[in-house]
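Since the structure comes first, as structure tokens, the remarks are kept for the end.
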Amino acid sequence: MLKLPLRIAVLECDTPMETITSRFGAYPRIFSSLLNAAADQLAYPGLSSKEGLELSAWDIVNGDKYPELENIDAILITGSKYTAYDDDPWILRLVEYTKKVLDQRRVRIIGVCFGHQIVGRAMGVKLGRMEGWEASVMAMDLTKKGQEIFGKTAVALHQMHRDIVFEYPEGVEELMYTEKCKVHSMYIAKRLITVQGHPEFNEDIMKEIIRVRHGSGLFGKEMYDDTTSRADRYHDGVLVAEAFLRFLLED
Numbered sequence: 001m002l003k004l005p006l007r008i009a010v011l012e013c014d015t016p017m018e019t020i021t022s023r024f025g026a027y028p029r030i031f032s033s034l035l036n037a038a039a040d041q042l043a044y045p046g047l048s049s050k051e052g053l054e055l056s057a058w059d060i061v062n063g064d065k066y067p068e069l070e071n072i073d074a075i076l077i078t079g080s081k082y083t084a085y086d087d088d089p090w091i092l093r094l095v096e097y098t099k100k101v102l103d104q105r106r107v108r109i110i111g112v113c114f115g116h117q118i119v120g121r122a123m124g125v126k127l128g129r130m131e132g133w134e135a136s137v138m139a140m141d142l143t144k145k146g147q148e149i150f151g152k153t154a155v156a157l158h159q160m161h162r163d164i165v166f167e168y169p170e171g172v173e174e175l176m177y178t179e180k181c182k183v184h185s186m187y188i189a190k191r192l193i194t195v196q197g198h199p200e201f202n203e204d205i206m207k208e209i210i211r212v213r214h215g216s217g218l219f220g221k222e223m224y225d226d227t228t229s230r231a232d233r234y235h236d237g238v239l240v241a242e243a244f245l246r247f248l249l250e251d
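The opening position of the sequence shown corresponds to residue 1 in full-length UniProt numbering, with each subsequent residue numbered one higher.
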């Protein structure tokens, strides 16, 4: 079990649009809000929105500095507009750093969307583009292990992706899946947990992303109408973040 406070390094793989950051902040603040809400729900002694969490921010797109492993307990790799299987220098540095974390046993890994894909790449499996998109609030089926981890038979999360991990790395337990994306969540006890979805997104963030992508022509009217209509549906973001915290507290 990691000791409190949990020292989580947020590896910022992108900066959200200004219309989002002006209201909700960049990824460190967005994830801090999510994890604080999850900590209050979890009701674990010494862990709440007031105590027990220490988040640090690392802009790894515009800088090349990473946290020293002895100074942290976990890394959280965020989502991104970039492509996890590209060979931009900063992406290659991130993959190598992720391998370094995987090669030891104390510091744990949380991966979200792009971060989920980076973990898959670091573990040697194929990434690529599926046909079409998964976007806005969607339900996902859970495996038996997924039901154990999340405490439900299915979960709903915001999605915004067409890149996917095609297969599970060796030694990874499968947690959730959809018909279009079989690798939605990966887990190794006391080592890593990832999700393809966005537990940190809310209705307003999702609607703004959809609006901009429709305005750029990336989303047609039919997709715009469909995804907008689902953006206000219930989603399990805080519940998934609770699972992240329980994972960090596993003994």
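We treat Cβ as the ideally placed atom computed from N, Cα and C, and that holds for glycine.
On a predicted model such as this, the values are computed, not experimentally measured, just so you know.
Residue i (DSSP reduced to helix, strand or coil)
i	result
G146	helix
S49	coil
Y234	coil
L249	coil
A84	coil
E242	helix
E68	coil
T15	coil
residue 257	One cannot answer for residue 257 here, as it falls past the ends of the chain, which runs 1 to 251.
K99	helix
Cβ-Cβ distance between residue i and residue j below 8 Å
i	j	result
P199	L34	yes
Q159	M176	no
D14	S80	yes
V101	M186	no
E18	P28	no
Range of the contiguous alpha helix (DSSP H) that encloses residue i
i	result
R108	Careful: R108 lies outside any alpha helix (DSSP H), inside the beta strand (DSSP E) at R108 to V112.
R105	Element bounds for R105: n/a, residue is neither H nor E.
I20	E18 to F24
I60	No alpha helix (DSSP H) contains I60, which DSSP labels as neither H nor E.
A39	Y27 to L42
Element boundaries [beta strand (DSSP E), containing residue i]
i	result
I75	A74 to I77
V125	First-last for V125: undefined, no H or E at that position.
E12	L6 to E12
Next on the checklist: Which complete beta strand (DSSP E) runs does the stretch 128–199 hold, if anything under 3 residues is left out?
Outcome noted: Fully contained in the stretch 128–199 are the following beta strand (DSSP E) runs of length 3 or more, in chain order: 154–165, 173–177, 185–188 and 192–195.
Item to check | Three or more C-beta pairs below 8 Å linking the stretch 225–236 and the stretch 202–213 | outcome: Segments in contact, yes.
Next on the checklist: With a threshold of 8 Å, are at least 3 pairs of Cβ atoms found where one atom belongs to the stretch 180–198 and the other to the stretch 104–112?
Outcome noted: Touching, yes.
Next on the checklist: Can you confirm whether the stretch 31–49 touches the stretch 3–11 when touching is taken to mean that 3 or more C-beta pairs between the two stretches lie within less than 8 Å?
Outcome noted: With the cut-off at 8 Å, the stretch 3–11 and the stretch 31–49 touch.
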